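Numbering (the working numbering), first residue to last: 65 to 173.
Virtual Cβ for every residue (Gly too), placed ideally from N, Cα, C.
Values in this document were obtained by computation on a predicted structure and should not be read as measured data.
What follows is a set of notes on a single structure, which appears directly below.
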Amino acid sequence: ISTMTNKKIVQTLAFLLLLSISIPSGATAITGDPVTTSTTKTEDPRARQLMDRLDDIKKMDKSELTGAERKNLRKEVKGIRKEMKSMSGGVYLSVGAIIIVILILILIL
């Protein structure tokens, strides 16, 4: 009976752990829009510059650009998003990492 109650406790804790982990703010990047949530500090002048540059790139007429110019724009956008992500800070866990943590907890207990 003792092992059965331990198993139920572990399952309950794993479920609560899963529920307590929030989705990172970068999840809005799935839609293709730049991250404009409140996590970007608009008080920071560098963040404001990066957001303005992303808006400029978004408004550009890209149909007249050459392939190399488009490639450079894509690299620039990726670099800007990477810099903004590093500025926001925080610790994010992937789904795989969460599953591994849960499995380790189950094996230990």
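query, result
"Tell me which same chain residues have a C-beta within less than 6 angstroms of the C-beta of L77, skipping the five on either side of it?", "none"
"Whose CA, out of L129, N136, L118 and L82, lies closest to the CA of G160?", "L82"
"By how many angstroms is the C-alpha of K139 removed from the C-alpha of G131?", "12 angstroms"
"Please report the residue range of the alpha helix (DSSP H) in which D116 lies.", "P109 to K123"
"Can you grab the Cα-Cα spacing for the pair L169 / S158, in whole Å?", "17 angstroms"
"For M124, does the count of other Cβ atoms within 10 angstroms reach 16, so buried, or fall short, so exposed?", "exposed"
"Report, in whole angstroms, the separation of the C-beta atoms of L114 and I162, which I expect to be a contact under 8 angstroms.", "About 30 angstroms; that fails the 8 angstroms criterion."
"To the nearest whole angstrom, what separates the beta carbons of V74 and L173, a pair I think is in contact under 8 angstroms?", "5 angstroms"
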